[in-house]
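In my numbering, the protein residues as written are 25 to 628. Idealized CB from N, CA, C, for every residue including glycine. Structure, as structure tokens:
Right, dumping it as structure tokens:
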């Protein structure tokens, strides 16, 4: 009620909250008129207490992706796809979920969610019900409480499916006895304690909000209801109430989960049956940091993304065949939509025959020699320029990565070896001695490990205590190095192929690397980079990842295995994570192997 409301500390407005009443809201609520519309000046709970309907109207970019994919389908195939009529048990679609082929698929793009899907599909099958449960379970509460793990293990047959009472079997059978949804809590109260639908919904709200006083009232009602129904005695009913309350605190609304999963499933259906249209739409709409993953999926789906061509490209991603699409002019840095349209207008009637022909026909105010120069640099004019390097020539990759950011998966060739001559090693020894003088009170520096044929630099955040005792990186029985060595071996690399170092030259002082520690040690790390000039750098820690990529979002392990060219260092950088994370999550060992496989591919 209004009297029970907590004092308001500050004011804010829900970005997507809509309040609905049966009359003009000024008759039912306190309204503030703002320049951008009216706002109800009540907390969301008070809005509901006053009998008004509150809805959150969300905008999802996925809906734009689906709409654009359908538009491509209509244009190419002259057909309209009704996504509300597709079967929800399609084997091909479900198989792609089980494989974790979820780039650009709503809700399921993160590394953790992909691993969950693969675990659920490891039994050989995955269902729409499993995917719906994954949507509800992949949240901090269910993950921390063990609900998610129980669901996966029970599906895999590694944990017994148990019910606290036989009448709960039909309530929780589809979720292997785990209460995943709020609706299951409601149904349980009805079959165990005789609750009405309205009373069950009230119980759901009280349990979800964890209101102590209301919970005790409901406990008595629940226990007496069970006794009256003859389902449980008083002691068992009391214990089960606590258990159900725990589930309810983490439970998700099933109807919400289903509707979100339906959108995800529709996305995957389009990706499965109309891959070239889906990839074209995704490349058009997705953020730049997701484009490399989309291109990787395109390759898996047999879709080739062609570089811009002066006689084929337009102002949008054009689909050339069922397996080919081409990048538009205006995805080239410095080429605007007006410039792209000017090229298309000049090309009407017949294709360009040469660079001179292009310059003679295009409107020079909108497409000048500078624009043409950029197109020439990426190979867009190669098809009309005799003797020019092909668009896919390795020597063009550097310009292409700069001018078509996010859409180039080729690696920039770095034509040099790491400096490992005697003079360089002498300077490294001197640098370590200098460090020991300047930071005499900081501890003894752990020496880098220099492989005989080192071509790759491995960079950890800091050495382990085991490496400190041995006085050298890549020594001792520390879990991090031993795990990295195993993953290297799986990728065909060995200690002789790598130079192993760390940003900090001694173990960290606390549980995390402090900024002050990094500030003191970075000059010595930069000195190593300057002396060795490694063509390939593998980052094996969250701190070193953020040093090289300050704008990194999310977990370092979610970026594992990407190859990023650094013009500043003229080196290919392979993104990774601390091998110590494998200790807490065995599944990450596969991702660590992928990191070293990416590094190995750069020195073949």
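Every alpha helix (DSSP H) stretch that sits fully inside the region 392-428 and reaches 4 residues is listed by chain position as 393-401, 421-427.
Membership of residue 80 in the beta strand (DSSP E) is indicated by the continuous run 77-80. Residue 524 places its beta carbon less than 7 Å from that of residue 482. The C-beta distance from residue 267 to residue 188 rounds to 7 Å, short enough to meet the 8 Å contact threshold.
Proximity to residue 318 across 541, 464, 301, 153 peaks at 301, based on C-alpha coordinates. Residue 46 and residue 52 have their C-alpha atoms some 9 Å from each other. Following the DSSP letters along the chain, one finds residue 595 inside the beta strand (DSSP E) bounded by residues 595-598.
Restricting attention to 588, 604, 322, the CA atom closest to the CA of residue 597 is found in 588.
7 Å or more divides the Cβ of residue 403 from the Cβ of residue 307. By the Cβ rule, the region 160-172 counts as touching the region 129-143, because three or more pairs are nearer than 8 Å. Within the region 557-603, the complete alpha helix (DSSP H) runs of at least 4 residues fall at 566-572. By the criterion of at least three beta-carbon pairs nearer than 8 Å, the region 221-237 is in contact with the region 258-277.
Excluding sequence positions up to five before and after residue 391, its CB lies within less than 7 Å of the CB of 363, 366, 367, all in the same chain and listed in chain order. Secondary structure of residue 507 (DSSP, three-state): helix. When the five nearest sequence neighbours on each side are left out, the beta carbons in the same chain lying within less than 7 Å of the beta carbon of residue 146 are those of 180, in order along the chain. When DSSP states are grouped into helix, strand and coil, residue 328 belongs to the strand group. Restricting attention to beta strand (DSSP E) runs no shorter than 3 residues, the region 452-534 encloses them at 480-484, 522-526, ordered along the chain. Cβ atoms of residue 498 and residue 473 come within 8 Å of each other, at about 4 Å. DSSP places residue 267 inside the alpha helix (DSSP H), whose first and last residues are 258-274. The Cβ-Cβ distance between residue 208 and residue 277 does not fall below 7 Å. Straight through space, the alpha carbons of residue 143 and residue 123 are spaced by roughly 9 Å. Taking C-beta separations shorter than 6 Å and ignoring five residues to either side along the sequence, the partners of residue 437 in its chain run 418, following chain order. Following the DSSP letters along the chain, one finds residue 156 inside the alpha helix (DSSP H) bounded by residues 152-161.
In terms of Cα proximity to residue 410, the closest of 379, 275, 126, 316 is 379. Here residue 355 is buried. Its C-beta has 16 or more other C-beta atoms within 10 Å. If you keep only unbroken beta strand (DSSP E) runs of at least 3 residues inside the region 331-395, you get 342-345, 348-350. Its chain contains 322, 327 as the residues whose beta carbon lies nearer than 6 Å to that of residue 303, once the 5 sequence neighbours on both sides are disregarded; these appear in chain order.
In the three-state reduction of the DSSP assignment, residue 205 falls in the strand class, which pools E and B. If one requires a minimum length of 4 residues, the alpha helix (DSSP H) runs lying completely within the region 80-168 are 85-101, 115-122, 135-145, 152-161, in chain order. Residue 543 sits in a helix when the DSSP states are folded into three classes. Nearest C-alpha to residue 192 among 178, 537, 213: 213.
Residue 605 and residue 504 have their C-alpha atoms some 8 Å from each other. Residues of the same chain with a CB within less than 7 Å of the CB of residue 105, apart from the 5 flanking positions on each side, are 94, 97 in chain order. Residue 169 has its alpha-carbon roughly 42 Å from the corresponding atom of residue 480. Annotation: residue 398 to residue 583 spans about 30 Å, alpha carbon to alpha carbon.
Note that the C-beta distance between residue 475 and residue 519 is below 7 Å.
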